[in-house]
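Taking the working numbering, the leading residue of the sequence shown gets 59, the next gets one more, and so forth.
Note that the Cβ used here is the ideal one computed from N, Cα and C, for glycine as well.
Beneath this line is the structure, given in structure tokens, with notes to follow.
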Amino acid sequence: MNNENKSNINWYPGHMAKAIKEIAEKLKLVDLVVVLLDARCPKASFNPLLKELLQQKRCLYLLTKKDKADNQQTIKWLKYYNQNQIRALAIDARELKNTKLIVKEATILMAEKRKKDLMRGLKPRPIKTMIVGTPNVGKSTLINALVGKKVTAVGDHPGITKVQQWIKINHDLELLDTPGVLWPKFDEEVVGYNLSIIGAINDNILPMQDIATYFVDYLQKYYPNALKMRYHLDLNHFSAIEIISALAQKQGYYLSNKELDLTRASLFLIQEYRMGYLGSLTLEQCEINE
Ligand SMILES: Nc1nc2c(ncn2[C@@H]2O[C@H](COP(=O)(O)OP(=O)(O)O)[C@@H](O)[C@H]2O)c(=O)[nH]1
Ligand SMILES: [Mg+2]
Numbered sequence: 059m060n061n062e063n064k065s066n067i068n069w070y071p072g073h074m075a076k077a078i079k080e081i082a083e084k085l086k087l088v089d090l091v092v093v094l095l096d097a098r099c100p101k102a103s104f105n106p107l108l109k110e111l112l113q114q115k116r117c118l119y120l121l122t123k124k125d126k127a128d129n130q131q132t133i134k135w136l137k138y139y140n141q142n143q144i145r146a147l148a149i150d151a152r153e154l155k156n157t158k159l160i161v162k163e164a165t166i167l168m169a170e171k172r173k174k175d176l177m178r179g180l181k182p183r184p185i186k187t188m189i190v191g192t193p194n195v196g197k198s199t200l201i202n203a204l205v206g207k208k209v210t211a212v213g214d215h216p217g218i219t220k221v222q223q224w225i226k227i228n229h230d231l232e233l234l235d236t237p238g239v240l241w242p243k244f245d246e247e248v249v250g251y252n253l254s255i256i257g258a259i260n261d262n263i264l265p266m267q268d269i270a271t272y273f274v275d276y277l278q279k280y281y282p283n284a285l286k287m288r289y290h291l292d293l294n295h296f297s298a299i300e301i302i303s304a305l306a307q308k309q310g311y312y313l314s315n316k317e318l319d320l321t322r323a324s325l326f327l328i329q330e331y332r333m334g335y336l337g338s339l340t341l342e343q344c345e346i347n348e
């Protein structure tokens, strides 16, 4: 990576500091934090700054977009979190049954505190919770599914702040209506690529052809059949640049000088992955001792 790109990496530190401060404020109000991570790259979608903030908090990790991830890998990731004493579930954020799951998990996580409250003569109160996560991870989608009607804008426009309000999900659970948006952070190149691939950072932060090259190399290693079905391209026989060139040709993407438009073909490939057209593929292989 050249220096110009490196200086881009800590883009909006101001946003980040503000977001962290806002989340820290909100955390004081809640009993439990629901941390959303993208099941396709749970490590990359976890901002390391959050770790400190969450130290004293009860947390439930939800790996979203499980429908887009490799199920075998998701099972391993859940095992990994459980081995690290973190309660974690994989979800499709669009599903209505998430309410039941979350209430159940929240009740388990709060059981001890509730017992103490009861012994002190305090009545059980609804569990106060909030959702945090990086842009595009599924925060608004999950809130909508929990609430059962559209109350938050779903889309790729994080950071629209509103007056803080609580939404009563049911008798047991109350939710802050605005999720905590956490700007992703990365020092490692690979993390940046993965965040780009899932759409957590803007497409113009890192060079698109570098992202696609990284992606194809990764597929070659872990999912060598991934491009066969859709494009009849065998990853065993072509390099990344050859694959991207072949896609540019197939799509008819040319520059004004008649050369292949590799940047456009790169974006095309990444968008195909984002839409799930390449199948359910995880971008970070979980390494756990079984
Ligand atoms: N396939 C799939 N799509 C999802 C899931 N969760 C969210 N999405 C989609 O991902 C995009 C971003 O979701 P959104 O809720 O706006 O993310 P936010 O930025 O965290 O609020 C939207 O197009 C959602 O429909 C999921 O679990 N599975
Ligand atoms: Mg949102």
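Distance, residue j Cα to residue i Cα
| i | j | result |
| --- | --- | --- |
| E325 | L107 | Residue identity differs from the one stated: residue 325 is Leu in this sequence, not Glu. Looking at the two C-alpha atoms, the distance is approximately 30 angstroms. |
| Q309 | D261 | 20 angstroms |
| S254 | L264 | 8 angstroms |
| H290 | S198 | 37 angstroms |
| T192 | A77 | 11 angstroms |
| S338 | V195 | 16 angstroms |
| N142 | D319 | 45 angstroms |
| L233 | Y276 | 38 angstroms |
| D292 | R322 | 21 angstroms |
| Y204 | T157 | Correcting the residue type first, residue 204 is Leu in the shown sequence and not Tyr. Their Cα atoms are separated by approximately 5 angstroms. |
| A164 | I144 | 13 angstroms |
| L336 | V92 | 29 angstroms |
| E348 | L136 | 12 angstroms |
| L231 | M74 | 29 angstroms |
| Y311 | M333 | 20 angstroms |
Environment of residue i [buried if 16+ CB atoms lie within 10 Å]
| i | result |
| --- | --- |
| Q114 | exposed |
| N315 | exposed |
| D89 | buried |
| Y331 | buried |
| N282 | With the sequence shown as reference, residue 282 is identified as Pro, and Asn is not the correct amino acid for it. Answer is exposed; the Cβ neighbour count stays below 16. |
| K279 | exposed |
| I346 | exposed |
| R98 | buried |
| N202 | buried |
| N228 | exposed |
Near ligand 1: residue i beta-carbon under 7 angstroms from a heavy atom
| i | result |
| --- | --- |
| T199 | yes |
| R332 | no |
| K123 | yes |
| N194 | yes |
| K126 | yes |
| G191 | yes |
| D261 | no |
| R152 | yes |
| I81 | no |
| I149 | yes |
Anticipated Cβ contact below 8 angstroms, residue i with residue j, distance rounded
| i | j | result |
| --- | --- | --- |
| Q267 | I301 | Contact doesn't hold; Cβ gap of about 12 angstroms is too wide. |
| F244 | G250 | 5 angstroms |
| L121 | A102 | Wrong, their Cβ atoms sit about 12 angstroms apart, outside the cutoff. |
| N252 | E342 | 7 angstroms |
Residues bridged to residue i [DSSP beta-bridge criterion]
| i | result |
| --- | --- |
| W241 | Paired residue(s): none; W241 is not in a bridge. |
| E232 | K186 and K226 |
| R98 | Answer is none; R98 lacks a bridge partner. |
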